[in-house]
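A short worksheet on the structure shown next.
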Amino acid sequence: MNTSQTLGSAQRTFVYDPEQRKVTLVVGLGMLGLAVAFPVLYLIDSEATGVEPLFLAPLVALIGLGALAHWVYTRSISLTFFEHGFSYKGEGVPYARIRGIRYKLVHVTGGAATYNKGFLHVRLDDGRRVSPSMQLDKMDEVIGNLIGCAMPTLVGGIEQALGSGQSLTYGPFALHPQGIVCRGQSIPWERVALSSSGSNTHVQLLNVDPDEGDYEVVHKAKMADLENVDALEAVAEQRRSSAIHARARG
33 MNTSQTLGSA QRTFVYDPEQ RKVTLVVGLG MLGLAVAFPV LYLIDSEATG VEPLFLAPLV
93 ALIGLGALAH WVYTRSISLT FFEHGFSYKG EGVPYARIRG IRYKLVHVTG GAATYNKGFL
153 HVRLDDGRRV SPSMQLDKMD EVIGNLIGCA MPTLVGGIEQ ALGSGQSLTY GPFALHPQGI
213 VCRGQSIPWE RVALSSSGSN THVQLLNVDP DEGDYEVVHK AKMADLENVD ALEAVAEQRR
273 SSAIHARARG
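The sequence shown runs 33 to 282 under the working numbering.
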């Protein structure tokens with residue numbers, strides 16, 4: 033297991049969303065308060081309250097205890113970025129071991145606090161997967177920082193594979209040393225462009241005329257279904273630029 037000594041100096045820590053924890057604490061204490069109040073109300077005026085509060089009190093108490101247990105548990109959840117890796121739930125992960133990142137983030141607003149829906153999966157070189165909680169504070173920054181730190185490794189891995197003549201498949205996109213194949217179309221790198229669309233929910237493969245600038249949308253895929261989508265965009269941009277420059281020199 034890697035430790036902070038092998039990952040370098042700590043850069044920043046993201047804790048479980050404080051606002052969500054505050055709401056959980058209020059709910060837990062409120063439920064326990066009701067569990068105590070129900071029997072008291074029955075003793076004060078049993079005819080007016082009836083026996084229902086006595087049956088409800090244990091259930092309400094369990095809900096309150098569950099909320100407080102969750103509040104205590106989330107206190108220990110955090111993700112720390114280090115110079116050479118990140119740590120989550122006591123496990124240190126060097127950025128060099130990351131082989132894939134896939135994510136989906138949707139902010140849901142309602143009630144006393146907002147929360148996130150989606151997932152963040154980090155695939156390691158041994159096949160294991162680390163999936164941090166989606167309720168970390170500033171989740172957008174968590175995902176962005178993680179992608180940025182892992183980008184040299186991810187882009188380098190793709191470039192190394194293509195440079196050695198290998199082909200790589202990411203969902204509907206098949207990357208080859210000469211370009212991308214998708215839906216029966218083989219597009220050379222000088223005409224390839226990958227761009228995000230739909231509030232960063234989809235990625236489009238474009239066939240772009242390098243001279244006229246006209247383009248055709250070849251395929252649109254959900255970003256949540258693709259691993260390393262940000263690295264793919266970076267590789268496509270680098271290879272397109274290199275191919276255009278090489279053609280101009282030739």
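The beta carbon of each residue, even a glycine, is placed where N, CA and C say it ideally should be.
DSSP lists Gln217 as the bridge partner or partners of Cys214.
Between the stretch 168 to 182 and the stretch 108 to 125 there are three or more inter-stretch CB-CB distances shorter than 8 Å, so the stretches are counted as touching.
Taking a 10 Å sphere around the C-beta of Val125, we find 16 or more other C-beta atoms and assign the residue as buried. Under the DSSP definition of a beta bridge, Thr201 partners with Ala206. At a Cβ-Cβ threshold of 7 Å, Gln43 and Phe113 count as neighbours. Judged by beta-carbon spacing, Arg160 lies beyond the 7 Å limit of Glu259, meaning their Cβ atoms are not closer than that value. If you draw a straight line from the Cα of Ser274 to the Cα of Asn239, it is about 16 Å long.
Scanning Ala268, His116, Gly60 for the CA closest to the CA of Phe205 turns up Ala268. When only Cα atoms are considered, Tyr127 and His153 end up about 14 Å apart. Just measuring C-alpha positions, the residue of Arg281, Tyr105, Glu173, Ala263 sitting nearest Ala182 is Ala263. Leu91 has its alpha-carbon roughly 56 Å from the corresponding atom of Val249.
The Cβ-Cβ distance between Glu191 and Ile276 does not fall below 7 Å. By the criterion of a C-beta distance shorter than 6 Å, Val213 is surrounded in its chain by Ala206, once the five residues flanking it on both sides are discounted. Taking Val187 as the centre and dropping the five residues before and after it, the same chain places the C-beta of Ala263, Ala266, Val267 closer than 7 Å to its C-beta, in chain order. Its chain contains Gly203 as the residues whose beta carbon lies nearer than 6 Å to that of Asp257, once the 5 sequence neighbours on both sides are disregarded; these appear in chain order. Burial check for Arg279: the Cβ neighbour count within 10 Å stays below 16, so the residue is exposed. Taken in chain order, the complete beta strand (DSSP E) segments of 3 residues or longer contained in the stretch 93 to 149 are 110 to 114, 117 to 120, 123 to 126, 130 to 140. Shortest Cα-Cα distance from His251 to any of Gly82, Val235, Pro242 involves Val235.
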